[in-house]
Structures are given as C-alpha cells and as structure tokens.
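Participant: One structure follows; several queries about it will come next.
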Amino acid sequence: MVDIYLQETGTIVINQQEKPITLVKSQFMKLNFQHIEYVLNSLNETTTKITKQRSYLLTTLYNAPMTMDQYYSSWANHTLYGEVEEDRLCKRK
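When we follow UniProt numbering, the leftmost residue of the sequence shown carries the number 1, and every step to the right adds one.
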C-alpha cells in the first residue's frame with residue numbers, strides 16, 4: 001500500500017487491468033481496520049497457491065470495500081441457516 005501512496009503518476013495493474021494511480025489511491029483511502037482484517041482472514045482461508053503475492057494483495061485490498069459486506073453476509077447466512085437447511089434436506093431422503 002505504501003508503494004501505491006508514494007507513486008505520484010502513472011497506472012497500476014489491478015486484477016490484470018491497468019488503472020490510474022489516482023483511482024487506486026482513492027480506493028485505498030477507503031480502507032479501514034475491518035477491510036485489512038477481512039483481507040487477512042480471506043488469505044488464511046485460501047487453499048490455492050498464490051504465485052504473484054503483490055498483485056493478489058493489491059487486487060484484494062482494492063476490492064475489499066466492495067466485497068467485504070457480501071462476504072460476511074454470506075458467511076452469516078451459512079452459519080445460521082446453512083446447517084439447518086442441510087439437515088432438513090437430508091431428512092427428506
């Protein structure tokens with residue numbers, strides 16, 4: 001993130017697309033502790049090998065404000081209702 005803030009002009013590749021550095025900085029300015037925690041939790045759950053760690057981190061940080069709420073909503077729904085629904089379906093068989 002520091003690299004992004006120090007870069008004054010140009011573009012940066014996010015999710016295999018070049019984006020203006022000002023846009024990326026703007027998105028990074030929206031990040032707070034919860035976003036960083038979300039990215040770190042997501043990294044802990046990832047089972048695939050990440051070959052380009054810097055690119056992966058930049059992309060996940062850039063997307064965090066747009067994806068965090070949906071991730072936690074899905075997690076909560078699965079935790080609260082997923083097992084109940086699975087049990088109900090198993091009893092039908």
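All residues carry an ideal CB built from backbone N, CA and C; glycine is no exception.
Since the model is a prediction, treat every value here as computed from it, not as a measurement.
Could you tell me the boundaries of the beta strand (DSSP E) in which E45 lies?
Facilitator: Counting from one through the sequence shown, the residue named residue 45 turns up at place 45. Element bounds for E45: not the beta strand (DSSP E) but the alpha helix (DSSP H), F33 to E45.
Participant: Taking the continuous alpha helix (DSSP H) assigned at K30, which residues delimit it?
Facilitator: Position 30 of the sequence shown, counted from the first residue, corresponds to residue 30. K30 -> no alpha helix (DSSP H), and no H or E assigned at all.
Participant: Are V24 and I14 closer than 8 Å when you measure CB to CB?
Facilitator: Start at 1 with the first residue of the sequence shown, and residue 24 comes out as number 24. Start at 1 with the first residue of the sequence shown, and residue 14 comes out as number 14. Cβ atoms of V24 and I14: closer than 8 Å.
Participant: By Cβ distance, which residues of its chain are closer than 7 Å to I50, with the 5 residues on each side in sequence left out?
Facilitator: Indexing the sequence shown from 1 puts residue 50 at position 50. These residues qualify, in order along the chain: Y56.
Participant: Quick check on DSSP: helix, strand or coil for T51?
Facilitator: The residue you call residue 51 lines up with position 51 of the sequence shown. T51: coil per DSSP, three-state reduction.
Participant: How many angstroms separate the CA atom of P20 from the CA atom of L80?
Facilitator: Residue numbering aside, residue 20 sits at position 20 when the sequence shown is read from its first letter. Residue numbering aside, residue 80 sits at position 80 when the sequence shown is read from its first letter. Using only the alpha carbons, I get a separation of about 41 Å.
Participant: S74 and T60: beta carbons closer than 8 Å?
Facilitator: One-based indexing of the sequence shown puts residue 74 at position 74. One-based indexing of the sequence shown puts residue 60 at position 60. Result no, Cβ atoms of S74 and T60 do not sit closer than 8 Å.
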